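Data first, discussion second: the structure below is written as structure tokens.
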Amino acid sequence: MAKYKTAPLKSWERAKEIRADYYRNYEAAHEKGGLRWAGGAWTFDAVPAGLGDDVYPITSEPYGATIAFQKDFSDRCLEAAERAGYARDLCAYMRNYWGSIILNEYGWVDPGEERKPFPKPDFIWQDHICCSHAKWYQVVSDLEGGIPEYCVDVSVGPYEKTTEHGIDYVVGQLSDGIDWLEKVTGRKYDDEKLIKAVYNTCRAESTWAEICMLNQAVPAPLEEKTMYSLYVLGTLQKSSQAVADYYDELKAEVQDRVANGIAAVENEHARVMTDTQPPWGFLRVFRYMAEKYGCVSVGSLYTFALIGNWIWKDGKFVPRPTPQSLGVEIKDRDQALRVLVEWELSKPEWQHFYHPKYKSDMMIQIAKDWKLNGVMLHYNRGCEGLSLGIAENRLAILDAGFPVMVFEGNMGDEREFDEGRTMARIDSFMESLGVPKLA
Amino acid sequence: MITTGIDVGSKNVKVVIQEDGKVLGKGSVLAGLDTGAAISEALDAALKDAGIARDKVEKLYATGAGRQEVKDADDSRTEVGADAAGIAYLFPEARTLIDVGAEEGRAIRVDDRGKVVDFAMNERCAAGAGAFTEAMARALEVPLEELGRLSLTSTKAVAMNAQCAVFGESEVVSLIHQKTEKKDIARAVHDAMATRITSMARRVGVEPQVALIGGVAKNPGFVDSLQRDLEMKVFIPDDPEFVSALGVALLAAGIVE
Amino acid sequence: MAEDSTGKEYWRWTESNWHDPDIDWRKGEIVTAGVDVGSVSSQAVILVDGKLFAYSNMRTGSDSPKSAQNAMDWALEGTGMTLGDIQYVVGTGYGRVNVPFAQRAITEIACHGRGANYMYGPTIKTVLDMGGQDCKAIRVDEKGKVVAFLMNDKCAAGTGRGMEVFSDLLGVHITKVGEMSLQVEEEPPMVSSTCVVFAKSEASGLLRAGWPKERVLAAYCLAMAHRVVDLLQRLGIEEDFAITGGIAKNIGVVSRIERELGIKALKPTLDTQIAGALGGALFASALLQKERKGK
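Okay, here's the thing in structure tokens:
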């Protein structure tokens with residue numbers, strides 16, 4: 001007899017559809033005279049939206065993760081990149097991505113179909129959030145024989161120390177960037193589309209955070225493995241109407257689940273959170289924990305705040321309300337850019353690049369408010385950026401009184417993950433937490 | 440209550456039979472490829488050593504990497520739990536446990552009730568374990584039992600890679616070719632292992648008292664290097680490789696919680 | 697390395713020595729030798745007037761200078777020749793500085809190129825040497841001169857030591873590993889090709905999960921083949937292609953390399969482990985002749 005009721009997500013199919021359409025549209029863009037562009041998950045994708053409704057992005061990190069799910073294909077991509085001389089200790093997403101270009105095979109393939117060639121982007125619109133991101137697209141451009149590339153430097157310091165000058169700096173680059181986009185694409189820029197895209201971005205990110213808040217409920221209505229497939233839509237295109245609308249729909253459904261006591265894990269006995277990206281080829285470790293111990297991972301700062309936007313309010317970590325909900329009405333391009341930049345700079349997952357303490361504080365608050373028994377940290381060899389300071393985070397969380405387990409691995413390179421040993425560690429951790437095995 | 444603890448390790452299967460906290464008998468057999476057979480053999484050896492019949496054992500708990508292979512275990516525990524239980528009984532003043540076996544090293548911090556507070560494991564990279572010393576003993580053409588004693592006669596510290604067993608072995612070959620004395624190489628091997636283990640232990644925090652268990656605790660060369668690195672003495676119980684098995688036997692009897 | 701309770705040493709590959717009884721070395725004008733002191737094995741090769749006269753192949757052991765002497769003594773055994781009869785000796789391999797009786801030390805890359813050229817003929821363009829602790833991919837010209845090379849050592853080396861570790865783990869004699877690895881109906885997924893420690897860890901898990909030995913060996917041979925193919929492709933392969941070193945004797949690895957490359961390696965006619973020492977002996981002959989001309 002299960003402890004709680006459970007039910008599948010009704011909006012699951014819609015989420016899958018959005019993702020499939022995204023990859024198909026990118027590939028087929030040219031068929032109807034549309035444009036393709038490439039950039040990272042934190043790029044200001046609201047800006048290219050002003051070029052038209054037939055402008056389709058491909059986002060590097062989720063693409064790298066999509067490849068990582070397909071272990072055989074991923075191994076081939078990784079080896080192709082290594083054979084071309086790129087070092088193994090570079091960002092795993094990046095190596096998967098480059099490998100797919102070198103092999104000229106598209107990471108997205110519909111079941112039963114042949115892999116299409118890698119669709120070359122028409123332009124690159126990127127921002128430099130880490131060393132890898134800075135070099136990533138230079139290499140992509142080289143591999144593809146030259147692609148126009150525009151990069152925005154965003155290192156203006158942690159949000160709490162943002163100055164007008166810092167915002168001006170980024171806004172100025174975006175503004176110049178719009179002129180550049182017009183030149184490179186030959187299209188006239190539409191400020192109305194930009195404004196809409198900015199509103200969508202804020203709405204998508206705020207709503208996702210609200211969805212994550214709902215996971216404070218016991219039992220948790222969502223579990224992290226599912227959440228990965230949901231938050232990813234924001235990484236694909238947070239500025240799109242489809243994604244913002246979907247999150248509204250999802251939030252309503254999750255509220256409903258909370259009201260009816262519907263659990264993600266029917267025998268929820270223990271709650272944990274993880275951090276950094278998971279080893280994408282081995283998400284079954286989440287199922288292992290749920291089925292063997294009734295342990296649910298309610299999320300992570302990564303799941304909550306890579307796409308979700310949050311602020312500190314009265315000592316609590318809460319979703320950041322959208323500018324539009326606070327009465328802001330965007331009238332023109334400059335204001336749109338300003339609102340967008342100020343909004344994005346507050347993103348929690350950017351902050352630890354400046355000091356690990358920012359992240360520790362947020363993680364500890366999540367551990368408290370989401371009622372956790374412990375924390376599992378993935379010492380992820382595949383991403384320097386998100387692993388930055390993780391050992392300090394561990395110490396801070398331990399000091400705050402939460403048990404922590406660490407395991408080594410690589411989000412995008414399955415050769416560096418030891419499933420058997422990780423399961424053994426989970427067993428030891430559960431035992432030390434006093435969580436019994438389910439009968 | 441007479442209980443049995445079986446520790447199915449990566450190299451050896453160890454069995455302890457206890458009653459009221461007193462060890463009645465022990466058995467140890469190479470795990471080899473037929474773990475099932477090794478488990479039966481080790482069990483028989485322990486029963487013979489204890490001089491009792493199988494049906495006198497009321498409960499049987501298993502631990503170790505291969506614990507699922509113990510078909511009629513009443514329950515099982517992970518090695519971390521088993522180690523903590525064993526030391527809680529043998530040496531309750533311990534706050535840090537270090538267990539170095541054939542393939543794996545563990546550092547465990549416990550509170551004053553012997554409850555596990557934190558743990559770290561070394562495996563694969565910076566493995567620092569028994570299989571490494573065996574390989575090095577062979578490279579030096581010295582019997583394994585002699586390697587520890589030999590390293591104690593060294594008066595010279597030679598730096599050696601402490602990150603990876605493969606790199607370490609490669610370096611030993613270099614040292615041999617450079618005609619470094621065997622005793623100094625032996626000491627370098629133990630120092631490198633100790634460095635790895637200490638580094639791991641520091642991740643959980645080294646709080647006295649420190650207990651050392653596992654097969655490698657019987658290697659005086661390693662113990663010497665470890666104590667030098669930790670800058671403190673470690674407590675080594677008798678039969679250190681049986682502590683895990685003893686731990687689960689005590690848990691089975693409810694002598695330790 | 698572990699021995700089981702019967703004291704068997706699965707990792708101990710066959711040491712050997714040989715000489716050609718039909719060559720009268722006393723009539724030779726140019727008598728030279730090459731000694732290859734490797735990290736795991738050592739060989740000595742003696743040439744008389746450019747023809748292979750004698751060789752030995754044995755474990756290096758823990759005493760490097762002694763290894764060179766032992767290898768040489770064993771090659772000389774039963775020939776009536778002594779070290780004093782050899783006119784020029786070249787030392788090569790990891791321990792080449794510890795061949796006290798050598799006139800010169802030459803790198804093993806150069807020696808393998810030369811040796812492979814002798815063993816396989818002037819059509820040989822790419823040589824893969826799979827040694828005890830490292831792997832070398834070497835491109836040579838028709839004279840056996842090295843044109844380019846790539847080495848892998850330590851990480852993902854794909855080497856003899858790894859194979860010794862596996863044969864020991866599975867309790868299968870190392871000389872039988874190749875055959876056994878081919879006794880599978882279909883190729884399993886390979887184990888980690890990153891590091892032999894990782895691979896061993898995985899293999900232990902697979903054994904515990906009930907995989908038969910043959911399958912585990914296949915997974916390991918596949919990983920090893922894959923590693924070296926990577927190395928070869930980074931260098932670029934031109935036929936004819938040949939493999940030297942101890943693992944060339946492992947049909948499980950060789951056949952999988954051939955399959956992945958789509959290229960057949962030339963069949964060896966001599967012990968593949970002597971390539972380095974043979975190259976050394978050839979260099980010795982050339983150097984000796986140069987010296988004599990100079991006089």
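Protein chains in written order, with the working numbering: chain A, 1 to 439; chain B, 440 to 696; chain C, 697 to 991. Glycine included, C-beta positions come from ideal geometry on N, C-alpha and C. Quick caveat: nothing in here was measured; it's all calculated off a predicted structure.
Proximity to residue i [Cα-Cα], best of the options
| i | options | result |
| --- | --- | --- |
| residue 188 of chain A | A:53, A:295, A:72, A:129 | A:53 |
| residue 256 of chain A | A:357, A:383, A:8, A:2 | A:8 |
| residue 502 of chain B | B:607, B:445, B:576 | B:445 |
| residue 31 of chain A | A:56, A:258, A:127 | A:56 |
| residue 764 of chain C | C:737, C:935, C:844 | C:737 |
| residue 570 of chain B | B:482, B:464, B:653, B:455 | B:653 |
| residue 972 of chain C | C:802, C:934, C:713, C:710 | C:802 |
| residue 25 of chain A | A:121, A:12, A:132 | A:121 |
| residue 425 of chain A | B:598, B:448, B:624, B:504 | B:504 |
| residue 75 of chain A | A:290, A:415, A:249, A:136 | A:415 |
| residue 647 of chain B | B:548, B:681, B:587, B:696 | B:548 |
| residue 477 of chain B | B:509, B:499, B:488, B:490 | B:509 |
Status (buried if at least 16 other CB within 10 Å, exposed otherwise) for residue i
| i | result |
| --- | --- |
| residue 319 of chain A | buried |
| residue 221 of chain A | buried |
| residue 89 of chain A | exposed |
| residue 375 of chain A | buried |
| residue 629 of chain B | buried |
| residue 662 of chain B | buried |
| residue 281 of chain A | buried |
| residue 698 of chain C | Note that residue 698 of chain C has pLDDT 40, beneath the 50 cutoff, so the model's placement of it is unreliable and the number below is only indicative. Its Cβ being crowded by 16 or more others within 10 Å, residue 698 of chain C is buried. |
| residue 165 of chain A | exposed |
| residue 315 of chain A | exposed |
| residue 178 of chain A | buried |
| residue 383 of chain A | buried |
Contacting residues, own chain, Cβ-Cβ under 7 angstroms from residue i (five flanking each side not counted)
| i | result |
| --- | --- |
| residue 346 of chain A | 159, 309, 311, 320 |
| residue 215 of chain A | 221, 222, 298, 299, 370 |
| residue 328 of chain A | 339 |
| residue 430 of chain A | 293, 295 |
Cβ shell of residue i (< 6 angstroms), same chain only, five flanking positions each side left out
| i | result |
| --- | --- |
| residue 716 of chain C | 749 |
| residue 818 of chain C | 838 |
| residue 825 of chain C | 808, 832, 940, 941 |
| residue 225 of chain A | 283, 286 |
| residue 12 of chain A | none |
Cβ-Cβ distance between residue i and residue j below 7 angstroms
| i | j | result |
| --- | --- | --- |
| residue 611 of chain B | residue 575 of chain B | yes |
| residue 119 of chain A | residue 19 of chain A | no |
| residue 719 of chain C | residue 741 of chain C | no |
| residue 527 of chain B | residue 553 of chain B | yes |
| residue 100 of chain A | residue 77 of chain A | yes |
| residue 910 of chain C | residue 949 of chain C | no |
| residue 679 of chain B | residue 529 of chain B | no |
| residue 237 of chain A | residue 45 of chain A | yes |
| residue 452 of chain B | residue 462 of chain B | no |
| residue 780 of chain C | residue 975 of chain C | no |
8 angstroms CB neighbourhood of residue i in its chain, flanking five on each side removed
| i | result |
| --- | --- |
| residue 886 of chain C | 915, 916, 918, 919, 922 |
| residue 592 of chain B | 622 |
beta-carbon residue i near the ligand FAD non-hydrogen atom, thresh 6 angstroms
| i | result |
| --- | --- |
| residue 637 of chain B | With respect to the ligand FAD, the structure offers nothing, as it holds no ligand at all. |
Selection of the region 248-262 of chain A by Cβ proximity to chain B, strictly under 9 angstroms: Among the residues of the region 248-262 of chain A, none has a Cβ less than 9 angstroms away from any Cβ of chain B.
By the 8 angstroms beta-carbon criterion, what residues does the region 773-800 of chain C contribute toward chain B? 790, 791, 793, 794
Contacting positions in the region 69-90 of chain A - beta carbon closer than 8 angstroms to chain C: 79, 82, 83, 85
Check distances from the C-beta atoms of the region 747-762 of chain C to those of chain B and list, in chain order, the residues that come in under 7 angstroms. 757, 758, 760
Contact residues within the region 400-428 of chain A, judged by C-beta distance below 8 angstroms to chain C: Against chain C - using a Cβ distance shorter than 8 angstroms - the residues of the region 400-428 of chain A are 415, 416, 418, 420, 421.
Anything in the region 889-923 of chain C with a Cβ closer than 7 angstroms to a Cβ of chain B? List those residues in chain order, please. 891, 892, 893, 894, 897, 900, 903, 904
Give me the subset of the region 921-953 of chain C whose CB atoms are less than 7 angstroms from a CB atom of chain A, sorted by chain position. 926, 929, 930
What are the residues of the region 809-842 of chain C that lie near chain B, defined by any Cβ-Cβ distance shorter than 7 angstroms? 829
Using a Cβ-Cβ cutoff of 9 angstroms, what residues of the region 527-538 of chain B are near chain C? List them in chain order. none
Contact residues within the region 508-522 of chain B, judged by C-beta distance below 8 angstroms to chain A: 516, 517, 518, 519, 520
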